[in-house]
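First the structure, in the form of structure tokens, and then the observations on it.
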Amino acid sequence: MEQLLENLNKKIVKFYKQNFFDIKSNDIEEIRVDIDNLISFVESINENRDVVNKIFNDSLFHDVHLNISHVIAKFGTVEQLTKIIQMIGTSIVDSNDINNYTPLHYCAIHGRVDILKLLIDSDANKNALTSEQTRKWHALHFACRYGNLEVVKFLINHGINKEVRTGFGLTPLHVACEFGRVEVVKFLLNLGVVKDPITIDENQNMTPLHYAVVGNFLALTEILLIVGVDKNKCDMRGYSSLDICAKNNLIEMTKLLLKWGVKNCENSLSIAKSYNNKEVSEVITKYLDAKKCLFKKSTLKKLSPEISKMMLEFNPINLSEARIKIFGNVEFNAFGITELSNISGFFRRKEIEFGQFVKDLEILELCNAVDHINEMIVNAQSQMIKVALTNIS
């Protein structure tokens, strides 16, 4: 038996850090043969349940304290786990490794829906959490982290709270955004999860959008903006999503957020300059210069025919596209232009939105264009969200 365990242990150590689907099929098969040999040996010695239980619960990978159930959850088969449950009962399905990971966690990490179903049918604890040191993660969080959509669906369909939080207050949406898992994000948003949850103070009160921006996940960020997350929300440090871009010199992400009309750009510019991030500083400066011109009466009247024409090109399908391009390369989508605002006045500071500014100037063609977009946004946004959240695998 010692030789059987040694052979199995060597392979576990070798492949422990690799994802199941990244391991070659012949290596997986070798591990499964070793598991079969161990099960056959235990069956052959015909010992009582206590002895068998000890054999299967003895640590295989000693540094992590795995037992046979963890190994099968990653490498094995439904048939192998079924045999072991028949031999020693279901208590093994909730075994903890050194970090309190149960077989359920391993299934979520490695996308093993087949084993997961057997664990749930065997009354495994669906709400098991990892240790305090590993931030109390649920299996659902791991499924979101690794983009295992079928596991996410299975767990939620079996009653797992779609808003379950880690020890640091991350929801499944936070985790999916942190690791850029677009299809998981779409699925969660379709379920109606909270779009702007914040993490705990110790984790800076971050939103899913903050995580998507930090990861520089452009397509994912656009989806979040389309569904209406708070694009100006700040974390505990007072950093907005644009501030995060400014600090980390995320040029394309900066352009994307500006296209959507984020606010407090002056503060972001100061941050970019303080970190000597010249590229982002230049992008924000050009945007602020363009905005200043749009709120200048003489300039706006001169540009109104051109801007009106561009605004009338918006339709229910392209509202998020940068159809308005002025002063070379400053871009706005329908939301970005209608939500544009400017603060004026010295003693009595007053914020005025672009649409109101246009009406005050009585520029008829531009007024009509703004009304056209506003009406379209109201009527088409739900369809726009539906389109953005389609094509889930």
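Under this note's numbering, the first residue of the sequence shown is numbered 1, with each subsequent residue one higher.
Built from N, CA and C at the ideal position, the CB exists for glycine as well.
Taking C-alpha positions only, residue 10 is separated from residue 106 by approximately 19 Å.
The alpha-carbon separation between residue 332 and residue 95 amounts to approximately 54 Å.
Residue pairing of residue 343 in beta bridges, as defined by DSSP: 351.
Pairwise C-beta distances place the region 40-47 out of contact with the region 63-77, as fewer than three of them are shorter than 8 Å. In this structure, DSSP gives residue 324 an extended state, which the three-state scheme calls strand. The beta carbons of residue 245 and residue 193 sit no closer together than 8 Å. In the DSSP annotation of this structure, the continuous segment of the beta strand (DSSP E) that includes residue 332 starts and ends at 330-332. For residue 172, the enclosing alpha helix (DSSP H) stretches over residues 172-178. In the DSSP annotation of this structure, the continuous segment of the alpha helix (DSSP H) that includes residue 88 starts and ends at 78-88.
Annotated as distal: residue 188 and residue 153, with beta-carbon spacing of 8 Å or more. At a cut-off of 4 residues, the continuous stretches assigned as alpha helix (DSSP H) that sit fully inside the region 10-92 are 25-45, 49-57, 68-75 and 78-88.
Under the 10 Å beta carbon count, residue 51 is surrounded by fewer than 16 other beta carbons and is classified as exposed. It is roughly 51 Å from the alpha-carbon of residue 99 to the alpha-carbon of residue 341. In its chain, beyond the 5 residues on either side, 122 and 123 have a beta carbon closer than 7 Å to the beta carbon of residue 90. In this structure residue 166 is in contact with residue 135, their Cβ atoms being roughly 5 Å apart against a cut-off of 8 Å. The region 8-24 makes contact with the region 50-66, as at least three CB pairs between them are under 8 Å.
Bounds of any alpha helix (DSSP H) do not take in residue 112, whose DSSP letter is neither H nor E.
Contact annotation, residue 212 with residue 177: C-beta distance approximately 4 Å; criterion of less than 8 Å satisfied. Closest option to residue 386, judged by alpha-carbon separation, among 155, 323 and 316: 316. Note on the region 253-299: whole alpha helix (DSSP H) runs with a minimum of 4 residues are 265-274 and 278-294, in chain order.
In chain order, 80 place their CB closer than 8 Å to the CB of residue 36, counting only its own chain and leaving out the 5 sequence neighbours on each side.
The beta carbon of residue 237 sits closer than 7 Å to those of 204, all from its chain and outside the five residues before and after it, given in chain order.
Beta-bridge partners assigned by DSSP to residue 138: 129.
Separation of residue 368 and residue 180 (C-alpha to C-alpha, rounded to the nearest whole angstrom) is 39 Å.
Residue range 364-388 is occupied by the alpha helix (DSSP H) that includes residue 387.
In the three-state scheme derived from DSSP, where H, G and I count as helix and E and B as strand, residue 158 is classed as coil. Where residue 317 is concerned, there is no enclosing alpha helix (DSSP H), because DSSP gives it neither an H nor an E. Between residue 240 and residue 248, the gap from beta carbon to beta carbon reaches 8 Å or more. In the structure shown, residue 302 adopts helical secondary structure according to DSSP, grouped into three states. Rounded to whole angstroms, the separation of the alpha carbons of residue 271 and residue 359 is 34 Å.
Scanning its chain for C-beta atoms nearer than 6 Å, with the 5 sequence neighbours on each side dropped, one finds around residue 209 the residues 224, 229 and 241, in chain order.
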